[in-house]
Structures are given as structure tokens and as C-alpha cells.
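Taken in order, these protein sequences are the chains called W and C.
Residue 1382 is where the first sequence starts when you use our numbering, and the numbers rise one by one after that.
Residue 58 is where the second sequence starts when you use our numbering, and the numbers rise one by one after that.
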Amino acid sequence: MSNKLLVALDGSDGGRRALHAAVEHASLTGADLVLTYVIEWTPYSFHTPQELEERHQRRESEIERANESVLASEREVVISAGLKVETVVRHGKIAETLVNLAREHDVSQIYIGRRGESLVHSMIFGSVTASLIQTAEVPVTVVP
Amino acid sequence: MKRFMGMLVLLAGSHSSAQAGIDDVINSATAPIATLIGQIVFFKIPIFGAQLPVVVLWLVVGAVFFTFYMGFINLRGFKHAIQLVRGDYADPNSSGEVSHFQALATAVSGTVGIGNIGGVAVAVTVGGPGATFWLIMAGFLGMSTKFVECTLGVKYRKEFDDGHVSGGPMYYLRQGFKERGMEGFGKFMGTFYAIGIFIGALGIGNMFQSNQAYVQLNNVSGGALDGLGWLVGLILAGVVFSVIVGGIKSIARVTEKIVPFMAIFYCLFSIIVILMNVGSLPQAIANIFTGAFTGEGVAGGALGAMIIGFQRAVFSNEAGIGSASIAHSAVRTDEPVTEGIVSLLEPFIDTIVICTITALVIGTAQVAAPDFAGDSIGVAMTSAAFEREFSWFPIPLAFAALMFAFSTMISWSYYGLKGWTYLFGEDERGQTIYKILFCVFVALGCVVQLGPILDISDALVFLICVPNILGLYFLAPIVKREMISYFARVESGEIRKFK
């Protein structure tokens, strides 16, 4: 297993805190960071033909927005700490996609911020963090 | 826009007092044209006492040819189609693009409509129980036609600089014939198709749908909406307007979600009704088979039943008409064949599953109580078959019919738009004019009885299968080559599974 840490970012403060914890950890162990932004998406939804036609352009702009508004600035944080970093934006179910990305990039640990989902919300939709912990194949650090 | 609505209100307002007047004028002006076009398109050859419309023969011969030429792709490709829809071959790096499931769901909600509920009842009334057998057979053969047209739709679609795509038969006809050295002919065929799909979108994909939705609502409310067609029309037109012009996606999204559930709900209740009549089921199935080959009591005998079954199947699943090819063209894929394979499932779901279930509901009711429906035909007959078991069923059924009609209108507004942009260019203003025109026709569909205009539109939709299938014959070798190469690469593992 390579010496890499995956950080799940979503533009929130929780994500930023997870990044700081990961940077601290990586500075001690000399690990590289993989910064990820997962855009919630499912292949099993229903759309009009017009929406199908616009989908490609919309996807491009979603990826661009994720890169520009979140990953670009967080990337700078890692570089200024003197660490190596790569960034990934991907569409999918958040927990499942993070698990897949961890496998693809062969990371040794996942860092994620606590999302502060309300009890009702997580009872209905399930908590992203909880399902990540249940399904991840590497240790997960949840940063409060 | 205001002016358009003003005109509409005027039209609607004058409806009650002068309906007959307007209808008469429009009818008498268009009837001769409708009759002429109808006679040409639905030209019938009498064979052994049955009347065989040439256009149905043209579609069926095409479907049989493609089934054999593609080596029974409708059977061979079935398992792979399910794997594709499940996402087994979806590359995670292209997640976020239109998935195979989404493309299939959109195309299916364009075809599942009133025909699945009412069309089958018409087939069984006119062609006897045996028509069901031929309906299923036509659905099975139609799978091959769909495969060819949807593969071509993706292969020859046009990509614009800003990344949006337009595709469908008009594009593959133009480009495909050009590649075969028949540029002028291809241009003519493409334009012809585009005009046909544009007018068809205003009729079969629009006025017919809103009209049927109104009739259903009126029936279920016990005639409370008599004379209020203008109101229902305006509301429907308003909702369609908000989706296709206003871009209010939430309404579209809700419908697109409701339609599949409606379809599942419909199938589920059908199965329950069939099970409640399970004693009549063996006899109902036996009637389908004996009827198919003896055609007892049907004009034209077995052949008559066959013609009716084939005709209804085509009306329902649109294989050979090329409309689904337009929806599939929007999908971004490096392998056009995969869209073709996924589209195999459309006639399967639409005709082999939903239509057959409807036929069994009616069939078992007929065995148990031959006169269950009285004089009613079409949707009312299906409704009566359900009512025998669940007295409240006509209400959700009418709601389902309304939803099916609405989603069909949304899909066809897009097909017509693609015909329009093919003819007049991708200019935004032109597109808005088309969309407003589409909404006006939605309202008109509920207001006036435009029999001949609907006949013209019906005929044109069938007429466009002439250039479409002709194009498919010419381009089939290209599809076959791609298909063989694709399956070879799946076999060798070059195209790999991700799940």
C-alpha cells in the first residue's frame, strides 16, 4: 500500500478541518494527498430528452465549478505545506465513490469532516459518514 | 406570447357557441387532403379477404429482415442489454454523463402511452384474442429494427461547437446516403423525415395525447368536464409551456418519476387482476393461440388477426418510425452499438410486457364474462375489465393515462423540435416559436374535434417510416460491422466490465 491519504472535500468547514488534520498527519509521515470532490449523482434517475441533451455540458460545468471553487484553493494549502497532491472530481453516490477512489488511488487512509447532518435527515437518507465507515476498506478518520 | 394566449382564449371562448362552425370549416378544408394522404399511406392490398396496409407490410418485412441479418440480435443482445443498463460496463471516469438506464427510461416514457392501455383493447376487439399473439411477435421483431435505428442515431449525430448534440433519422439519412455517393437523395430523405416528424409531433405526439387525456378525465368525472375542454386544454398547455419554454425542470422531473411508477403500478394491478381470474387464464391463453392461427370470428381470419396485431404493436412501440433514435442520440458514448443494444429493451417493455399484460386482463375478463364491457372500446374497455375487480380502479387509471399522455407530449415536443432545428437551424428564437406553437396545439387538442388533421398527422408519422427503413437497409452493413467488432471486443476483454 502506498503512502497516500485521501481527503473528502465538499466546500464545507468540516471538509476544511479534515484537510488540516490530513496535512498535519502527512507532514509527519511524508505521505502524499489525494483531494477529492464527489458530486452527488445517480445513474438511475429519470429525465426529459432535453435534459439528456444538456447533460454533457452540465457535467463539464459542475466539474469546473468543483475544481475552481473548492479544490484549487485547498490544493494551494497542501502545496504550501510542502506536500505532493493530486485532485479528483467524480460524480456518484458519495460514500460508494469515496471507497472506489480510495481503492483506485491505493491510499492508506481516508479523512472526512463530520457533516453535521440532522438526525431526521440521516434517519431518512442515511448518513454519508456512517456508510463510509461501514464500507471503507482502509481506516477512516472522521474529523469533528 | 400574450397575443398567442389571447388568440387561444378567443378560440376557446367561441368554442361553445360556434364549435360546430369552426370544426366544420377546418374539417371540410382538410378532409380531402386527409383522405388522399390516408389512402396513399394506408393503401391496402386485399389478401384472402383481409385488408393489408402496405405500410404495415413494409415495417414487418423490415423487422424480419433486420432480425435475420443481425443474427437474432433481439435474442443474443438481451442479456448484454441488461448488463449495460445495470452499469456493469460503465467506466467510472465518465460517471455523470447520461447513463444507459437514463437513456432507456426517457425513451420508454416516450413510447408507453395510451396505446398500451387502449390500443390493445382495440386490437382484441377488432382482431380477436389471436391479435395478441401477433402483437407480441411484432414486438419481438421490432426489437431488431430499434437496434439498427438507435445505433445509427448515435453514430451519425451532429455535435455542435458548444458540446450539444442533435441526432436522429434525418441526420443518418443525410450523412449515410452521402457516404454511399447519393448526397442529393440523402438530403431529400433527411428533409422529408424532418417535416414528417415535425408534423407528427403536433398530432400523434400532441393533440391526440391531450385529447385522450381530456376524454379520460371527463369519463372518470362522470361528464362533469363536458364543454370544459378549453379549460383542461389551457391548463395542460400551461403545464407543458412551463416545462418546455419556462424550463421548469421540477415538473418534468416529477412526471418522469411518476411515469415509471405508474407503469409498475399498472403492471402490478394487472397481475393481481389476472390472478383473481386465474381460473379463466388457461382458456384466455388458449384463445390467444387458437385465435392467432384460426382467426375465428375475425374479418380476414388468421391473417386479419395478424394484421391488427402488427399494426397495434407498431403504433405502440414506434419501432421503424425512428423517434427513439432521436432520444438516444443525446447520449455520449464511444460505442454507438451499446445504445442500439439498450434500445432493444424498449419494444420488449412496451409491447411484450405491458401490452401482453393488458391483453391478459381483457382476455380473462372475456372468458369469465363475455359481455363485461358492453359497447365500450379502447381505454374504456380496459377500464371496465379492471372495474370488475376494483370498483375504484378507473380513477387511478385515468390519472395514469393523464401522466402517460403528458410524458409522451414532453418527449414528442423534443422529437418535433429536432425536426424543426434540422430544417430551420439551431437559432434560439426559432426554437421558442416552435415550442409556443407546440403548446397552442396542446390546447387545441382538447378543444376541437380535428379528425382529419389528426388523420394527416397519423399518416405522416407512418409515412416517415418509408425513408427511415429504406435508410436502415442501406446502412445495415455498417451497423453489422460495428456490432461484430463490438461483440468481439467484449469477448476478448478489450471492453471490460467495471463491476
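Glycine residues also receive a C-beta, built at the ideal position from the N, C-alpha and C atoms.
Note that the structure is a prediction, hence the values are computed from the model and not measured.
A Cβ of chain W is located within less than 8 Å of the beta carbon of C/P317.
For W/R1471, the enclosing beta strand (DSSP E) begins and ends at V1466 to G1473. The beta carbon of W/G1392 sits no closer than 8 Å to any beta carbon of chain C. For C/E313, no beta strand (DSSP E) run applies; the uninterrupted alpha helix (DSSP H) run containing it begins and ends at K306 to M333, by DSSP. For C/S156, at least one C-beta of chain W is nearer than 8 Å to its own C-beta.
Across the region 380-399 of chain C, CB contacts with chain W closer than 8 Å involve I383, A384, A387, V388 and R389, in sequence order along the chain.
Distance from C/G420 to C/P186 at the Cβ level is roughly 6 Å; contact confirmed, criterion being Cβ atoms closer than 8 Å. What C/A294 touches in chain W, judged by beta-carbon distance under 7 Å, is nothing: the nearest beta carbon there is about 17 Å away. The alpha helix (DSSP H) runs lying completely inside the region 401-482 of chain C and spanning 4 residues or more are 413-425, 435-444 and 451-481, given in chain order.
In terms of CA proximity to W/T1410, W/Q1490 leads the group W/D1391, W/R1439 and W/Q1490. DSSP places C/S156 in the coil class of the three-state scheme, outside both helix and strand. Annotation: the continuous alpha helix (DSSP H) that includes C/Y271 extends over F265 to V277. The continuous beta strand (DSSP E) containing W/T1417 extends over residues D1413 to E1421.
Judged by DSSP secondary structure, C/T390 falls outside any alpha helix (DSSP H); it is assigned neither H nor E.
Within 9 Å of the CB of C/E313, the CB atoms of chain W belong to S1426, F1427, H1428, T1429 and E1432, in sequence order along the chain. Taking W/P1424 as reference, the option from C/A258, C/Q159 and C/L114 with the minimal CA-CA separation is C/Q159. The C-alpha of C/K136 is placed about 15 Å away from the C-alpha of C/P404. With 16 or more other CB atoms across the displayed protein chains lying within 10 angstroms of its CB, C/T415 is buried.
For C/S382, the number of other beta carbons within 10 angstroms of its own is at least 16, and it is reported as buried.
Look at the region 104-173 of chain C and you find these whole runs of beta strand (DSSP E), each 3 residues long or longer: 107-110. For the region 1474-1492 of chain W, residues whose beta-carbon sits nearer than 7 Å to a beta-carbon of chain C comprise N1481. The alpha-carbon separation between C/I365 and C/G184 amounts to approximately 6 Å. Shown here for W/S1450: not one same chain residue has a beta carbon closer than 6 Å to its own, the five before and five after excluded. Under DSSP, C/G257 forms no beta bridge with any residue.
DSSP lists W/V1415 and W/I1491 as the beta-bridge partner residues of W/L1387.
Counting only residues of its own chain and dropping the five nearest sequence neighbours on each side, W/W1422 has a CB closer than 7 Å to the CB of H1472 and G1473.
Judged by beta-carbon spacing, C/S223 lies beyond the 8 Å limit of C/M466, meaning their Cβ atoms are not closer than that value. Residue pairing by DSSP places W/V1521 opposite W/I1491 in a beta bridge. Shown here, W/S1512 sits in a helix according to DSSP, grouped into three states.
Closer than 8 Å to the CB of C/H137 there is not a single CB belonging to chain W. Contact fails between the region 1410-1419 of chain W and the region 194-210 of chain C, because fewer than three Cβ pairs, one in each stretch, are under 8 Å apart. C/F234 is a Cβ neighbour of C/F242, given a cutoff of 8 Å.
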